[in-house]
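Residue numbers (my numbering), protein chains in the order written: chain A, 60 to 159; chain B, 31 to 231; chain C, 43 to 610. Working notes, structure below.
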Amino acid sequence: MKTNEPLGLTAESLDRSSVIVWMWLVGLLGAGMMVFMLPIPRIPTLLLIFGIAGFKATLVIRDYMHLKGEKLMIYAIALTPLLLAIALALVLIPDIVFHH
Amino acid sequence: MSTAVQTASAEVPVGYESVAPPSGKLGVWWFLASEIMVFGGFIGSYVLLRVAHGGWPDQASHVNWRLGAINTLVLVTSSLTMILALNAVRIERRERAARFLLLTVLLGFTFLGVKSIEYTRELSEGFTPSSGMFWSFYYIMTGLHGVHVLGGIVLNAILYIAAVRGTLWSGNRRARVEFAGLYWHFVDVVWIFLFPLLYLA
Amino acid sequence: MEVATSHTQPTGFIRRYLFSTDHKVIAKQYLSLSLAMALVGGFTSYLIRWQLAWPETNIPGWGPIGPDDYNAIITMHGTVMVFFVAMPFLLGAFGNFLIPLMIGANDMAFPRLNMISFWTLFTASVVLTSSMFVPGGAAAAGWTSYAPLSDNPIYTGVNRGQNLWILAVALEFGSFLMGGINFLTTTLNMRAPGMSLSRLPILVWMEITAAVVFLLSVGPLIAGALMLLMDRTLGTGFFRPDRGGDPLLWEHLFWFFGHPEVYVVALPGFGMMLEIIPVFARKPIFGYRTIIWSTIAAGLLSFIVWAHHMFVSGMDPRLATPFSVTTILISVPFAIIVFAMIASVWRGAIVLSTAMLFALGGLATFLVGGVTGIFLGSATTDIFLHGTYFVVAHFHYTLFPVTFFGGFAGLYYWFPKMFGRMMNEALGKIHFLFTFVCFNAVFIPLFLAGLKGNPRRLYEMSSYDFLKPVQQFHVIATIATIGLLVGQLPLVVNFVYSLVRGKTATANPWQANTLEWTTASPPPHENFRKMPMVYRAPYEYSVPGAPSDWIPQTEPPQPIYPVTAVAD
Chain A
60 MKTNEPLGLT AESLDRSSVI VWMWLVGLLG AGMMVFMLPI PRIPTLLLIF GIAGFKATLV
120 IRDYMHLKGE KLMIYAIALT PLLLAIALAL VLIPDIVFHH
Chain B
31 MSTAVQTASA EVPVGYESVA PPSGKLGVWW FLASEIMVFG GFIGSYVLLR VAHGGWPDQA
91 SHVNWRLGAI NTLVLVTSSL TMILALNAVR IERRERAARF LLLTVLLGFT FLGVKSIEYT
151 RELSEGFTPS SGMFWSFYYI MTGLHGVHVL GGIVLNAILY IAAVRGTLWS GNRRARVEFA
211 GLYWHFVDVV WIFLFPLLYL A
Chain C
43 MEVATSHTQP TGFIRRYLFS TDHKVIAKQY LSLSLAMALV GGFTSYLIRW QLAWPETNIP
103 GWGPIGPDDY NAIITMHGTV MVFFVAMPFL LGAFGNFLIP LMIGANDMAF PRLNMISFWT
163 LFTASVVLTS SMFVPGGAAA AGWTSYAPLS DNPIYTGVNR GQNLWILAVA LEFGSFLMGG
223 INFLTTTLNM RAPGMSLSRL PILVWMEITA AVVFLLSVGP LIAGALMLLM DRTLGTGFFR
283 PDRGGDPLLW EHLFWFFGHP EVYVVALPGF GMMLEIIPVF ARKPIFGYRT IIWSTIAAGL
343 LSFIVWAHHM FVSGMDPRLA TPFSVTTILI SVPFAIIVFA MIASVWRGAI VLSTAMLFAL
403 GGLATFLVGG VTGIFLGSAT TDIFLHGTYF VVAHFHYTLF PVTFFGGFAG LYYWFPKMFG
463 RMMNEALGKI HFLFTFVCFN AVFIPLFLAG LKGNPRRLYE MSSYDFLKPV QQFHVIATIA
523 TIGLLVGQLP LVVNFVYSLV RGKTATANPW QANTLEWTTA SPPPHENFRK MPMVYRAPYE
583 YSVPGAPSDW IPQTEPPQPI YPVTAVAD
């Protein structure tokens, strides 16, 4: 199977970029743990750790799942359910959060 | 006119019209889309109910966030080994690919092992699925995720065996490493969210 | 990657007919399963209707039924008809058979996945059937399985049966997820040269839209089903108020899927009617692109209308208006599709074959269903009509036309291609007459009963004085039901007889344009001996100046056609 990489990228550089992403992921994990352990008020803590989680997820999706180089259709297939699930949760707020 | 013959390659067969990426990859992404809806349904329900009921702080404080963090590290590293396996496949370094596939399998087992340790401790302390809504969600979400990890382990183990036996390198079977990788990374992404949701919030 | 390779047909009964990966064989397996389950579904409707017309009597061929039995029977009726008849018939059978043929492919993108999807559904139907024989009987909480009725066994007295129901439905979901992935990937990647998306037959567009809608809507219900199962087996309380849970969450998760699901069923039904109408009116479909865009719009909108099933559930009343608005909105694309169908027939050279009769009958009856949906879609009127027989009549006037009128139209039309033989037209027309007349006779009285306030899911009405006037409607509906069921006998006879002794079919008995008619009846294992080359859209019927009134999609363009318009 031929690679889809453009000329100029070697095997070593592929691996290097994968490892760099991993280091980011570990670093972000560590950052998240620090935020968790520090005495920061609740709402900013939550925003930070979920923001960090989102960033980590984006890295995995973009670089490991190679969404970066994919056709528009794959973006649509990946993004639509996410937005739909969020929309469902939003519509459910009046009933589940406020009228339980 | 050519007969309806397909080439054994990752590309779309000669002759067919296509607007999409090759079929195997496209199929996996459609599958992942449905999985996003499943986990999205769980996570959405969990978040809403947790906010509704005041956060369940007394229940949630009993999860072991250290073990959870270790598991996150394990899974993230297994994503690295998976992509390294795929990189190796792409440049025909067969032994290297097999090695990284094996590592991914082992890391997967490690994840499940840590999870079992957690479950054992929690159950022995009396925290069962019916101990409270937090626990119900905890068990069902990590349980479903764990089943997915197990499925991924099986897939990757099959690929590892095929790599070692040599059958992975015939025809276009090596493309399956990419598909298994997509699935495995997805399982990792789900955990990336489950970890803060269940352990840190 | 599993590219459908050109391979020789396997020998041996098991590989060829039982565990086949050939989409045509799998389609026939789905067809057999759906028709067998239709017998079950039809029988349950007989029991229901007899009980309602003549309560507390011995139902011939069964015996008496009490309220608990009744609840189980209506649950089985709904579950079987939606999940084990409509879906396998319209998507499993016709989708599988026709998609590769209509796009010029030699099989689906993932033939083995296809085989697994059928056997998963088969397993699901075994699980569901077995649930009728376990202690406590079959699930009795309705096909909608609302919590806490479905969640707490005290209410229905059913325990194992309900768990088996959840398992059966979950397996069915898995089966159609696999199928949907196959349909989508195949259609996007395996079209013959020249078969651009704008030349796809409408049925294929409908099937893939249905596949996407199903794929995106079923996830949250899978989550909900797992939660329900845990409630019932592990003591959790996701949906149980006595354990701190929220029953409304179940309703939301169910209907978030349940509403798109009915369009998953409806769209392929329309697709079949839309394929058949141009052939038997000998004129192009009116508004091909408009229909496609309306279909996509309907598919999108279908995700934001679900709470119209919940107007009186106790949900936040502020949700009522937005969902009423979206529901009324969704009637627009459907109205456009219906108008397009009517315009497609208008002034055509109509041939009233059995297939055409069923297609037109489906169109006419669906109109009634669609229009009555508008009353239900508006929260203000729905307050009075929810949970009455008006709803029952409405959804039968939508689901039955698409599943049975559309499905039967497809059966009569594609039987020659599937089996290489013609069905008997006279028997077909008798079948149509019985079905059309009796169907209307069953459900129009039920509209009237609903308008008088007749609640549904009651096993008999005699305890209520205000329902005395509607009893006559129920008697009429029951007699008509018996007629409807008996009226299916001509189909059974026709089907079986034609399979063995029907006239041999030619490749293109209907003189139709789409690709499946360019190959033999039935098609060879690899579908097309040579890869088809597509030059045209599918509906070039009665093109002015053409030598015949139909031009197949594979016909190359002829530059000598006169291009000037005919003076009018």
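In this text, a Cβ means the ideal position worked out from N, Cα and C, and glycines have one as well.
Output yes or no for whether 7 Å exceeds the beta carbon distance between residue i and residue j.
{"i": "Ile319 of chain C", "j": "Ser395 of chain C", "result": "no"}
{"i": "Gly182 of chain B", "j": "Trp214 of chain B", "result": "yes"}
{"i": "Ala205 of chain B", "j": "Gly54 of chain B", "result": "yes"}
{"i": "Leu133 of chain B", "j": "Thr111 of chain B", "result": "yes"}
{"i": "Ala627 of chain C", "j": "Ala166 of chain C", "result": "Residue 627 of chain C lies beyond the residue range present for chain C, which begins at 43 and ends at 610; the question has no answer from this structure."}
{"i": "Leu402 of chain C", "j": "Gly313 of chain C", "result": "no"}
{"i": "Ala144 of chain A", "j": "Met67 of chain B", "result": "yes"}
{"i": "Tyr577 of chain C", "j": "Gly236 of chain C", "result": "yes"}
{"i": "Val321 of chain C", "j": "Ala554 of chain C", "result": "yes"}
{"i": "Asp218 of chain B", "j": "Leu137 of chain B", "result": "no"}
Would DSSP call residue i helix, strand or coil?
{"i": "Pro497 of chain C", "result": "strand"}
{"i": "Gln36 of chain B", "result": "Interpretation of Gln36 of chain B is limited by its pLDDT of 36, a score under 50 that renders its predicted location unreliable; the figure taken from the coordinates is listed afterwards. Coil."}
{"i": "Glu41 of chain B", "result": "Because the pLDDT of Glu41 of chain B is 41, which lies under 50, any placement of that residue in the model is unreliable, and the number read from its coordinates should be weighed accordingly. DSSP places Glu41 of chain B in coil when its eight states are reduced to three."}
{"i": "Trp185 of chain C", "result": "coil"}
{"i": "Ile370 of chain C", "result": "helix"}
{"i": "Glu249 of chain C", "result": "helix"}
{"i": "Trp396 of chain C", "result": "A quick correction: the sequence has Thr, not Trp, at residue 396 of chain C. Note: Thr396 of chain C maps to helix in three-state DSSP."}
{"i": "Trp592 of chain C", "result": "strand"}
{"i": "Leu143 of chain A", "result": "helix"}
{"i": "Gly329 of chain C", "result": "coil"}
{"i": "Tyr506 of chain C", "result": "coil"}
{"i": "Glu208 of chain B", "result": "helix"}
{"i": "Glu597 of chain C", "result": "coil"}
{"i": "Gly70 of chain B", "result": "helix"}
{"i": "Glu47 of chain B", "result": "strand"}
{"i": "Tyr581 of chain C", "result": "coil"}
{"i": "Arg241 of chain C", "result": "helix"}
{"i": "Gly156 of chain B", "result": "coil"}
{"i": "Met60 of chain A", "result": "Model confidence at Met60 of chain A stands at a pLDDT of 43, short of 50, so the residue's coordinates are unreliable; what they give is reported in the following sentence. Residue state, collapsed to three classes: coil."}
Name, please, each residue of chain A whose Cβ falls closer than 7 Å to the Cβ of residue i.
{"i": "Arg360 of chain C", "result": "Pro153"}
{"i": "Val217 of chain B", "result": "Within 7 Å Cβ-Cβ: nothing; Val217 of chain B doesn't reach chain A, min ~10 Å."}
Mind listing the chain C neighbours of residue i? Cutoff is C-beta to C-beta under 9 Å, in chain order.
{"i": "Pro140 of chain A", "result": "Leu257, Leu258 and Gly261"}
{"i": "Leu174 of chain B", "result": "Ala265 and Leu268"}
{"i": "Ile170 of chain B", "result": "Ala265, Leu268, Met269, Met272, Leu276, Thr278 and Phe280"}
For residue i, which residues in chain B fall below 9 Å Cβ to Cβ?
{"i": "Ala151 of chain C", "result": "Ser53, Gly54, Leu56 and Gly57"}
{"i": "Ala90 of chain A", "result": "By Cβ distance, chain B contributes nothing, its closest Cβ being about 12 Å from Ala90 of chain A, past 9 Å."}
Can you name the residues of chain B whose CB is closer than 7 Å to the CB of residue i?
{"i": "Ile223 of chain C", "result": "Gly57, Trp60 and Phe61"}
Can you check whether the C-beta of residue i is within less than 7 Å of a C-beta belonging to chain E?
{"i": "His158 of chain A", "result": "Note that chain E does not occur in the displayed structure, where the protein chains are A, B and C."}
Residues of chain C with a CB under 7 Å from the CB of residue i: which are they?
{"i": "Phe72 of chain B", "result": "Ala265"}
{"i": "Val68 of chain B", "result": "Gly261, Ile264 and Ala265"}
{"i": "Leu147 of chain A", "result": "Pro262 and Phe298"}
Can you find a heavy atom of the ligand ATP that lies under 6 Å from the Cβ of residue i?
{"i": "Gly176 of chain B", "result": "Of the ligands one can find in the structure shown there are none, so the ligand ATP has no counterpart to examine."}
Is the region 176-191 of chain C close to the region 290-305 of chain C, with three or more CB pairs under 8 Å?
yes
Contact set between the region 190-211 of chain B and chain C, restricted to residues whose Cβ is under 7 Å from the partner:
Asn202 and Ala205
Select from the region 74-95 of chain B all residues with a C-beta closer than 9 Å to any C-beta belonging to chain C, and list them in chain order.
Gly74, Ser75, Leu78, Leu79, Ala82 and His83
For the 8 Å Cβ check, are there 3 or more pairs between the region 127-145 of chain C and the region 517-535 of chain C?
no
With three or more C-beta pairs closer than 8 Å as the rule, is the region 76-89 of chain B touching the region 137-155 of chain A?
Segments in contact, yes.
What residues in the region 46-59 of chain B bring their beta carbon closer than 9 Å to a beta carbon of chain A?
Val49, Ala50, Pro51, Lys55, Leu56 and Trp59
When you compare the region 490-500 of chain C with the region 536-547 of chain C, are there three or more beta-carbon pairs, one atom per stretch, that lie closer than 8 Å?
no
contact_flag[the region 218-235 of chain C, the region 324-331 of chain C] where n(CB pairs < 8 Å) is 3 or more:
no
If contact means a Cβ-Cβ distance below 7 Å, which residues of the region 277-303 of chain C contact chain A?
Asp288, Leu290, Leu291, His294 and Phe298
So if I threshold CB-CB distances at 9 Å, which residues from the region 220-250 of chain C count as touching chain B?
Met220, Gly222, Ile223, Asn224, Leu226, Thr227, Thr228, Leu230, Asn231, Met232, Arg233, Ala234, Pro235, Gly236, Met237, Ser238 and Leu239
Can you list, in chain order, the residues of the region 169-185 of chain C whose Cβ is nearer than 7 Å to any Cβ on chain A?
none
Pair every Cβ in the region 183-195 of chain B with every Cβ in the region 145-161 of chain B, then say whether three or more of these pairs are closer than 8 Å.
no
Taking one C-beta from the region 148-156 of chain C and one from the region 209-227 of chain C each time, how about it: are there three or more such pairs within less than 8 Å?
yes
Touch test, the region 69-83 of chain C against the region 125-132 of chain C, Cβ-Cβ under 8 Å, three pairs minimum
yes
Return the residues of the region 99-114 of chain B that lie within a Cβ-Cβ distance of less than 9 Å from chain A, sorted by chain order.
For the region 99-114 of chain B, the set of residues with a beta-carbon nearer than 9 Å to any beta-carbon of chain A comprises Ala99, Thr102, Leu103, Val106, Thr107, Ser109, Leu110, Met112, Ile113 and Leu114, in chain order.
Report the residues of the region 334-352 of chain C with a CB closer than 7 Å to any CB of chain A, ordered along the chain.
Residues of the region 334-352 of chain C with a Cβ closer than 7 Å to any Cβ of chain A, in chain order: Phe345.
Do the region 63-72 of chain C and the region 103-118 of chain C make contact, defined as three or more Cβ pairs closer than 8 Å?
no
Check whether the region 514-521 of chain C and the region 89-96 of chain C touch, using three or more Cβ-Cβ pairs below 8 Å as the test.
Yes, since at least three Cβ pairs between the region 514-521 of chain C and the region 89-96 of chain C fall closer than 8 Å, the two stretches touch.
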